[in-house]
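**Student:** One structure is given below, represented as structure tokens, and several questions about it will come after.
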Amino acid sequence: MPVGPGLRPDHCLRPRGVLRGAALTLVFAGVLATAAATGSLPRQQTDTAKAVRAAPSRATVDRATVDRAALARAAAEAMADGKSGEKAAEEFVSRSGDRWGAVYGPQEYEEFERALDGSYTGVGLSARKAGAGRVEISRVRAGGPAARAGLLTGDRLVTLDGRPVGGLSVSEVVSLLRGDGVPGSTVVLGVERGRAAWTVTLRRARLATEDVTVRRLDDGTVLIKVSAFTKGAGERVRAAVRAAPAGVGVLLDLRGNPGGLVTEAAVAASAFLDGGLVATYDVDGEQRAVYAQSGGDTERPVVALVDGGTMSAAELLTGALKDRGRAVTVGSRTFGKGAVQMPSTLPDGSVAELTVGHYRTPSGQGVDGRGITPDLAVGDATGERAEERARTVLSGLGGGS
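Numbers in the numbering used here are just positions in the sequence shown, counted from 1, shifted up by 283.
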């Protein structure tokens, strides 16, 4: 299984400028509201990734190598002149025309890596915009710093470290909550509840993510919500499917899922497939494939909910289930991020990623820039109507009452 060292298909969730903008809600929804996640194939090889043909193009390999070498030179030259190597690398990537290319500071990249392992640094709360520009706590994680301090869903955030938050976006609030991402660092929250107002100091901590949640709906349907494909997420999906009563349908909610580990998406696919192809991808001209493991449930009715926030590894899973006729997809067109990227460590310790290939669904369809069109389109795929339509479809497949 020749997956080269450091090779990381499907790594960047979005162009970096988008990650730092309003669309941060894609990554920071729910418990990830105080963390970040990236998508990747692990550096270690796994049984879900196997080579299907080794025929690298010398021109492609050389071009990729030259690009990475030129990037490293640009960073080194900037540092020799007393300038920022990271900033020089960012300018290089920007000029390259690589829409998914990105440069990360050492600490930022380390935090992304930790997030993939299923943990993040934060205070255990999520925020949302309320009326009149107010910012409210939308969720408090049980056992986290916010919960221990007595904060509740619906409490209003007024200030963070003395800075008013009323005019800030959710992504800016998230950035202030995260701070430097160092466990043990503190953030002071100004909070209101009814007519009461107070300040509370929270100490950031390492918290486990909750990227797979499972619940039974009133019609018996098993709803599996996958927020990101971090380490262990695929096996949790598989366990949920195994535990579902016989004949009960599964609603697989991938809306707003920004991706994650390719191998975890393949394990999740294995819950519904009895082996076979999940996706193919190319790296520097060498074509490879990702396969599902055998023994999945091939009879249970499945509907997958997707939207414009379904990205990367989540699209890989969507394409596999759709192309192989294993699930009906409902919602709106997915984001369209199917790039294969390789990281390079620069002289100053920052990490740059350049696109070296793309992946395709089992039918050979490319995803990058086009996304996946669901079988049944729903106008507001993020709302309750989409879930209602999905449940209706699932019932028609014999998976609900």
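No residue lacks a Cβ here, since even glycine has one placed at the ideal position from N, Cα and C.
#1: Is the separation between the beta-carbon of ALA587 and that of ALA551 shorter than 8 Å?
#2: Determine the closest residue to LEU567 out of LEU537, VAL520 and MET625, with distance taken between C-alpha atoms.
#3: By the three-class DSSP mapping on this structure, what secondary structure does LYS605 have?
#4: For GLU393, which residues does DSSP report across the bridge?
#5: Hey, SER402 and LEU544: beta-carbon distance below 8 Å or not?
#6: Do THR496 and LYS514 have their beta-carbon atoms positioned less than 8 Å apart in this structure?
#7: Between LEU443 and LEU472, is the Cβ-Cβ spacing less than 8 Å?
#8: Can you give, in chain order, each stretch of the alpha helix (DSSP H) that sits fully within the stretch 558 to 640 and has at least 4 residues?
#9: Going residue by residue through the stretch 458 to 546, where are the continuous alpha helix (DSSP H) segments of at least 4 residues, counting only ones entirely within it?
#10: Would you mind stating whether ARG674 and GLY619 have Cβ atoms separated by less than 8 Å?
#11: So SER468 and ARG487 are supposed to be a Cβ contact under 8 Å. How far apart are they, rounded?
#12: Work out the CA separation of ALA664 and ARG672 for me, nearest whole Å.
#13: Have a look at ARG351 and LEU637 and give me their C-alpha separation to the nearest angstrom.
#14: So does the stretch 527 to 535 actually touch the stretch 558 to 575, counting three or more Cβ pairs closer than 8 Å?
#15: What does the Cβ neighbour count give for ASP501, buried or exposed, with the cut at 16 atoms within 10 Å?
#16: Can you say whether GLN576 is buried or exposed, counting buried as having 16 or more other CB atoms within 10 angstroms of its CB?
#17: Using three-state DSSP, classify ARG417 as helix, strand or coil.
#18: Give the secondary structure of ARG356 by DSSP, where H, G and I count as helix, E and B as strand, and everything else as coil.
#19: Compare the C-alpha of VAL520 against each of ALA357, LYS412 and VAL585 and name the closest.
#20: What does the alpha-carbon distance come out to for the pair LEU600 and VAL561?
#21: Using the C-alpha atoms, what's the distance from ALA522 back to GLY542?
#22: Assign ALA660 to one of three DSSP states: helix, strand, or coil.
#23: Under the three-state reduction of DSSP, which class applies to GLY407: helix, strand or coil?
#24: Drop a sphere of 10 angstroms on the beta-carbon of PRO466, count the other beta-carbons inside from all chains shown, and report buried for 16 or more, exposed for fewer.
#25: Distance check for LEU354 and LEU629, CA to CA, integer angstroms please.
#26: Hey, VAL534 and LEU677: beta-carbon distance below 8 Å or not?
#27: Could you check the C-alpha separation between GLY591 and VAL611 for me, to the nearest Å?
#28: Using the three-state DSSP reduction, which class does ARG653 fall into: helix, strand or coil?
#29: Within this structure, are the beta carbons of ARG424 and LEU440 separated by less than 8 Å?
#30: Helix, strand or coil, according to DSSP, for ALA669 in the structure here?
#31: Using the beta-carbon count (16 or more within 10 Å), is GLU279 buried or exposed?
#32: Report the three-state DSSP secondary structure of VAL676 (helix, strand or coil).
#33: Tell me, please, which residues DSSP counts as bridged to LYS412.
#34: Would you mind giving the Cβ-Cβ distance between LEU456 and GLY462, rounded to the nearest angstrom? I have them listed as a contact below 8 Å.
#35: Relative to the alpha-carbon of ARG417, which residue among GLY437, ALA432, ASP400 and MET362 has its alpha-carbon at the smallest distance?
#36: With a threshold of 7 Å on Cβ separation, who are the neighbours of ASP631 within its own chain once the five nearest residues in sequence on each side are excluded?
**Tutor:** Straight from the coordinates:
#1: No, the pair does not count as a contact, with Cβ atoms beyond the cut-off.
#2: Checking the sequence, you will find Asp at residue 567 rather than Leu. Looking at LEU537, VAL520 and MET625, the one whose alpha-carbon comes closest to that of ASP567 is MET625.
#3: For LYS605, the three-state secondary structure derived from DSSP is helix.
#4: Note: GLU393 sits in no beta bridge, so no partner.
#5: Note that the C-beta distance between SER402 and LEU544 is not below 8 Å.
#6: The answer is no: Cβ separation not under 8 Å.
#7: Yes, these two residues count as a Cβ contact at 8 Å.
#8: Counting only runs of 4 or more, we get 596 to 606.
#9: Counting only runs of 4 or more, we get 516 to 526.
#10: No.
#11: About 5 Å separates the Cβ atoms of SER468 and ARG487, confirming a contact at the 8 Å cut-off.
#12: Taking the straight line joining both Cα atoms gives about 10 Å.
#13: Distance from the CA atom of ARG351 to the CA atom of LEU637, rounded to whole angstroms, is 8 Å.
#14: Judged by Cβ distances under 8 Å, the stretch 527 to 535 makes no contact with the stretch 558 to 575, as fewer than three pairs qualify.
#15: Counting C-beta atoms within 10 angstroms of its own C-beta, ASP501 has fewer than 16 neighbours from the protein chains shown and is therefore classed as exposed.
#16: Counting the other Cβ atoms within 10 Å of the Cβ of GLN576 gives 16 or more, which makes it buried.
#17: Reduced to three states, the DSSP call for ARG417 is coil.
#18: ARG356 falls in the helix class under three-state DSSP.
#19: Closest by alpha carbon: VAL585.
#20: Each residue's Cα considered, the two are about 7 Å apart.
#21: Near 20 Å, if we compare the C-alpha coordinates of ALA522 and GLY542.
#22: Reduced to three states, the DSSP call for ALA660 is strand.
#23: GLY407 falls in the coil class under three-state DSSP.
#24: With fewer than 16 Cβ atoms within 10 Å of its Cβ, PRO466 is classed as exposed.
#25: Taking the straight line from one Cα to the other gives about 8 Å.
#26: Sequence inspection shows Leu at residue 534; the Val mentioned does not correspond to that position. Yes, they are a contact pair.
#27: In this model, GLY591 and VAL611 are separated by some 17 Å (Cα to Cα).
#28: Secondary structure of ARG653 (DSSP, three-state): coil.
#29: The criterion of a C-beta distance shorter than 8 Å is not satisfied by ARG424 and LEU440.
#30: Secondary structure at ALA669: helix, using DSSP grouped into helix, strand and coil.
#31: No statement about residue 279 is possible, as the shown extent of the chain runs from 284 to 684 and does not include it.
#32: VAL676: helix per DSSP, three-state reduction.
#33: Answer is VAL418.
#34: Residue identity differs from the one stated: residue 456 is Val in this sequence, not Leu. Actually they are not in contact, since the Cβ atoms of VAL456 and GLY462 sit about 12 Å apart, beyond 8 Å.
#35: ARG417 has its Cα closest to that of GLY437, out of GLY437, ALA432, ASP400 and MET362.
#36: The residues ALA358, MET362, GLY368 and GLU369, in chain order, have a CB closer than 7 Å to that of ASP631 in the same chain once the five nearest residues on each side in sequence are set aside.
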